[in-house]
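Read top to bottom, the protein sequences are chains A and B. Sequential numbering of the first sequence, starting at 794, is according to this note's numbering. Sequential numbering of the second sequence, starting at 38, is according to this note's numbering. Every residue gets a Cβ at the ideal spot worked out from N, C-alpha and C, and that includes glycine. Structure, as structure tokens:
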Amino acid sequence: MVLEPEVPSPTLRVHLGFSDRWDVFGQRVVEVWVVGIIIRKMKLAAALLFSVTALFADDALEQRAVGILKKNCLMCHGSALQSSKLDLRTRESILKGGEHGPALVPGKAEQSKLYRFAAALDQPSMPPGKKLSAEDAGTLKAWIDSGAPFASVVGVDDKAATLAKLEERPITADERMFWSFQPVRRPAGRAGIDELIREKLTAKGIAFSPPASKRELVRRAYLDLVGLPPTPAQVSDFLNDSSPQAFAKLVDRLLASPHYGERWGRHWLDLARYADSGGYEFDRDRDNAYLYRDWVVKALNADMPFNEFVRMQLAGDEIKPGNRDAIIATAYLALGGEPNMNTPQTRSDVLDDMIATTAGTMLGMTVGCARCHNHKFDPIPQKDYYRMQAVFFNAKPAEVPLVSEEEVARHKDRLKAWTEQRKPLKEALAAFEKPFRTRMIADKTEKLADYIKVALATPAEKRTEGQRLNAIQVEKTIEVRDEELAPSITGDNLRVWDALKARLKAFDATRPKLESAWAVEEKKIEPSYFSHHGSVDNPGSLMKPGVLSVAYEGEWNFPEGHGRRKAFAEWIVSPENPLTARVTVNRIWQHHFGEGIVRTASNFGKTGERPTHPELLDWLAAEFVSSGWSIKTMHRLIMNSAAYQMSSNDTDAGVRADPENRLLWRQARPRLEGEIIRDSILAVAGTLRAEQIGGPGMYPYIDPALWAGGSGRTWAGKAIDDASTWRRSLYIFQKRTIPVPMMELFDGPSATASCPRRNRSTIATQALILMNNAFVLDQAKRFAGRLRRDAGEDPAAQVERAFALALARSPSEAERRESIAFIRKNPDGLADFAQAIFNLNEFAYIP
Amino acid sequence: MSKRFLSRRQMLSIAGGGIGSLALADLMSGATSPMSAKQPHFPAKAKAVISVFCYGGVSHVDTFDPKPELGRHPGETMPGKGKVIVSQGHPGGMMPSPWTFKKYGQCGMEVSELFPNVAKHVDDIAFIRSMYSLSNDHAPAMFQMNTGSVLPGYPSMGSWITYGLGTENQNLPGYIVFSDWRGGPIGGAPNWGNGFMPAAYQGTPFRSSGDPIVDLKPPAEMTPERQRRWLGFLEKLNDEHARKNPLDSELSARIASFELAYQMQEHATRVVAIDNEPEHVRKAYGLDQKHTQYVGRQLLMARRLVEKGVRFVQVYSGGGNFGESWDAHWDLKENHEMHCGETDQPVAALLADLKQRGLLDSTLVIWHGEFGRMPISQRMNGRDHNPLGYTVWMAGGGIKGGQVIGATDEFGYQAVEDRKSVNDLHATMLHCLGFDHEKLTYPYNGRQMRLTDVAGNAIKPLLA
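Printed below as a string of structure tokens:
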């Protein structure tokens, strides 16, 4: 049966005939019902028939059925919410149904969705998470089979109260007891990394592995802290220092290197889903995104306290208004993808990116899971999600000027003047083109379909709606592209045309520019609402900003107006928050030991792993905070431990007792990231422009087969041997739709979401790129050239030098013998040998 | 600790030189390899999928979903439909299809004159005329079609399938993507990305001329003999390092990956050597005609890849911008005549070829775009995006042909009968491959993620 959709008017209610007759409140207005039949009989014979049946229905049954609806269904399908666009308050709205069609077929319960979902005959059964009793389901069935008489239940539910009840999800005391929500506790009586690790090993009957050799150690420290292999001179500096502080001094030297920030900044950029473009269809380049990348590198090099690092990224603009670096830091919030369309839904996606990234990165919580419903595993109410959304709601990604307000005003004036000056140039061009265009448009109009021509010929006031639309369409969209115009302009005209176009183009190049950063701006405070089912079409209560309620009991103090992000950041780095210090030291640990103490670095919730060394984690967190959130202090603490300096080789006892090395009886052997393999190749070949730190991204060669196409997307790749690309991989322009093969194949992050830990695949296509890629081969030749320059023509000396440069050691006897033989035997032996060095496992793994 | 790998040289020394590269591929497919062949949840017909992605959006009302109503009231609005939301403004009235439809096959399916060759196979094809997508913007709609999510960063269909099934041929990538000759689609690599899964499951772009994979071959001066010697040398050096930690499967897998890469050079080259195909096959795919030869080459390669055990091959028709794709905002007639002309014969040849070789049963062919097009006009003779209703079709691999599921309204504007989501399509595809789409999960960020997120049902009537 089809009823007219959208029937808001009372006339129509009368017209339907039933509403007043069977109002649940008992009024019986038979006259109205009769009118209803008269009006309806033309339209719906079926409805008439059924209404006559229904006239004799059982009032008690009706009341019971309506009672069941009120109790179980109206919460989500009533005045507060119309989930799936279904409203069960009136008979007409039930018959009209929602997204899945009419909810009810009067007289036919088995065919009625309302009954089928309520009786769990179809999935998802309703109400969610609750089973209707057989008796209630039976009542609904009998009621529908009897014709489903009832008029409406309007006014029986209080919208605000219903919403509040739906949105409430209290936290139990038990839930607050989960380990990661407990305050950080410094373990009593014991201290230090080694003690806390040894304790667990001893219990298992395993010992620390022996210390790594000094050569292994120097290579490990360099790759770990600066991401470059040590030069032979740097190796001997360390080897020649026999003092007990030799390694501590090495760590200090590396922490003072500007390359430290390049290496560890990249770890943060993984978390911050950093990219230099917006993704999606147009993948717009963000030519100033690198300002944020450089800010991160500088902050790490300066050992900016981590709490400050957090504050600046979440609320730099609020804490230091007008400060250049503070504005740049807030790019953190704006780094997500940039949808092509701007709708409430895409806006909500942008906010989701901010919330999910911040919660994962700074809190180690999967708050993003609570966008559509309360978190399924962790005590994170959906309301927390929308309270966090209220924190960020007014921060909108934008090009934010990096100059003073006066300068911005001057820029606006300049731009206005410029636009004024441009006008006559544009008009002159348009005037010149006009006759040509007019002729062409006449030609095109002539070729239009007949029915469109008829529409155009019909006087405007006499056009049908379709003709009106088609006429507008012709008027607004008939166009002549330059390439269509070109053939009709010849000779002197062509010269004039070209000159006019050239003049405009030259003038366009003078458009005044304003230095800006892709960051966030917060102009006004707008209200934000709970979204039921995560849908912007189902708004709930007004939301006030808040923090994670399981981690903080009570209401954190937020301002009504601006400053919400600042207040939120203050909570994140406050002693009241048990998560952030733990999460952060765990990340530092993860990069030093291959895995974190909690192996799910951005998930400290129930579905995450438990810490292998909870006391160690807390000890580190406590040290971190008392050091003033100094990351460099943590590096020193960790790297100067015996645990860090252990050998990474297997031992029989260790493998037997703890094959996964969860208890840390040895160091890890992590594979280097694609960036660091590439950087190592350049460094060893002697071509790396290591001194160039920061600045706009660069474009190494990528085969066009891998990127050409799609809405003007382009990659200004330089030649394979273009020295401008011999910079650290950190500086490769990160275009979201054009991944650089070396990074993509080696599990580089896709920059679509925060990446807490890179996967580690081993696949044949990785081998192909290192075997065959022209850049790798070119660098191998340059490495061979360097060996010749450094060591002369003697293969023995070349081999010695190659091992020293690439692996910080001398070759073994067998390696020396094989290498010399290979170089001698093969025509291009030295270059091939050099390339083999790039491909060694030892080259790609931290010792 | 998992089974360990041995380098080729180690293998040779153990087996006295009797073990060749085949055994090595077996090694690489051992339990520790992410791409080792695996069993699905239940026995199934389909072993592989070929997706023909008509990027830009095909007009369903001009191809497989005839709407005579449009011809009856040209230029009028669709009664009862209210204001039509379009992606680019200025909607017009109804635009009749410039093409006529005819009934084909025993099932009597109506197909327009744009697809005369595909039409001959309607008895093997199941059409879903009631598809809908969530976005009327290309990139999100493409991401949804490929990954189930309108947001970028999720694993694509091929990733899920290779994650679930591994691959039967370690000498070739398990998941291969061909772009249109005019360039790749909007959204780029995330369309065949592995999202949060390991890189082992990412699609490998294949070229349809020259070396199929970028960096498959070294420059000419690096002859195969020279590279073979080089590889032997590399293995010797790597062995010394591996000896320190003989149980480390990651190190030995990496050693084996070089040998595998070497094998891949040979195998990938051979598999795309379609010049060796008999003349009648080449002709059937349209390799002798300029307009069909590009897609023809790709689909012929796709058949050969599937034959060799590759799991998922995606071929894009349409690339670059606007008219270069199926995105017929302007001049529908010119656009669709070009794209249908390029694909009709090769797609039909693929179906015939698969069938003739007995491969159609084990190969699921899916023909789709990211959305359909509007029944009303845009820019006088074009059609705008329409995510509310469109047609996709499936053939082979456990699909019962000769049938139509669902329907759009009388104008082709909205899917109204038996509406099917992209989740449903994905669930059906996974079902054909032997997977319960609710159980094929990958842990990420505290959740068991699915290709179908939290929705979708396999479309049971489609199944043979």
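Amino acids of chain A, ordered along the chain, whose beta-carbon sits closer than 7 Å to that of residue i
i	result
HIS175(B)	GLU1074
MET375(B)	Going along chain A, no residue has its Cβ under 7 Å from MET375(B), so there is no contact; the nearest lies around 17 Å.
Proximity below 9 Å, CB of residue i to CB of residue j
i	j	result
ALA1127(A)	ALA1312(A)	yes
ASP252(B)	ASP1625(A)	no
LEU268(B)	VAL308(B)	no
SER1070(A)	GLN1460(A)	no
TYR908(A)	LYS934(A)	yes
SER1543(A)	GLY1153(A)	no
ILE986(A)	TRP1412(A)	yes
ALA1511(A)	PRO1493(A)	Note that residue 1511(A) is Lys in the sequence shown here, rather than Ala. Contact flag set, yes.
GLY211(B)	THR199(B)	yes
ASP1146(A)	ARG1164(A)	no
PRO242(B)	LEU1499(A)	yes
SER1006(A)	SER1367(A)	no
LEU1457(A)	ALA1478(A)	no
Coil, strand or helix - residue i by DSSP
i	result
GLY211(B)	coil
LEU462(B)	helix
TRP363(B)	coil
LYS327(B)	helix
ASN1370(A)	coil
PRO1217(A)	helix
SER802(A)	Because SER802(A) sits at a pLDDT of 33, beneath the cut-off of 50, its placement in the model cannot be relied upon, and the following sentence gives the value as read from the coordinates. In the structure shown, SER802(A) sits in coil (DSSP, three-state: anything other than H, G, I, E or B).
ASP102(B)	coil
LYS1317(A)	coil
7 Å Cβ shell around residue i - same chain, five flanking residues per side excluded
i	result
ASN1081(A)	SER1309, ALA1310 and TRP1311
VAL98(B)	LYS104, LEU107, SER134, PRO412 and GLY449
LEU1580(A)	GLN1591, ARG1594, ALA1595, LEU1623 and ALA1627
ASN419(B)	For clarity, residue 419(B) is Gly in the given sequence; the question names Asn instead. Correct list, in chain order: ALA365, HIS366, TRP367, ASP368 and LEU369.
GLY493(B)	SER458, ASN460, ASP461, HIS463, ALA464 and HIS474
Heavy atom of the ligand NAD within 8 Å of residue i beta-carbon
i	result
GLY346(B)	Although the ligand NAD was asked about, the structure shown includes no ligands whatsoever.
Residue environment, residue i, which counts as buried when at least 16 other CB atoms sit within 10 Å
i	result
ALA840(A)	Note on ALA840(A): pLDDT 44, under 50, position unreliable in the model; no value is reported.
GLU272(B)	buried
GLY108(B)	exposed
PHE79(B)	exposed
GLU1611(A)	buried
LEU1335(A)	exposed
GLU1353(A)	exposed
HIS317(B)	exposed
GLU928(A)	exposed
CB contact below 9 Å: residue i versus chain E
i	result
LYS118(B)	In the structure shown, chain E cannot be found, because the protein chains are A and B.
Residues that residue i contacts on chain B, provided the C-beta gap is smaller than 9 Å
i	result
CYS1162(A)	ASN482, GLY483 and ARG484
GLN856(A)	Those within 9 Å of GLN856(A) in chain B number zero; the least Cβ separation is about 36 Å.
MET1134(A)	SER124, SER172, ASN173, ASP174 and PRO177
Within chain B, the residues that residue i reaches when beta carbons sit closer than 7 Å
i	result
VAL1267(A)	MET417
Own chain partners of residue i with C-beta closer than 6 Å, once the 5 adjacent residues on each side are dropped
i	result
CYS866(A)	LEU881
ALA495(B)	ALA464, THR465 and HIS468
Contact list for residue i against chain A, beta-carbon separation under 8 Å
i	result
SER88(B)	The contacting residues do not exist; SER88(B) stays about 18 Å from chain A at best.
LYS437(B)	In chain order: nothing, as chain A lies at least about 24 Å away.
THR199(B)	Going along chain A, no residue has its Cβ under 8 Å from THR199(B), so there is no contact; the nearest lies around 11 Å.
8 Å Cβ shell around residue i - same chain, five flanking residues per side excluded
i	result
GLN485(B)	THR478 and TYR479
Partners in chain B for residue i, counting only beta-carbon separations shorter than 8 Å
i	result
PRO1252(A)	The contacting residues do not exist; PRO1252(A) stays about 16 Å from chain B at best.
SER1554(A)	PRO71, PRO235, ALA236 and ALA237
ASN1566(A)	ASP252
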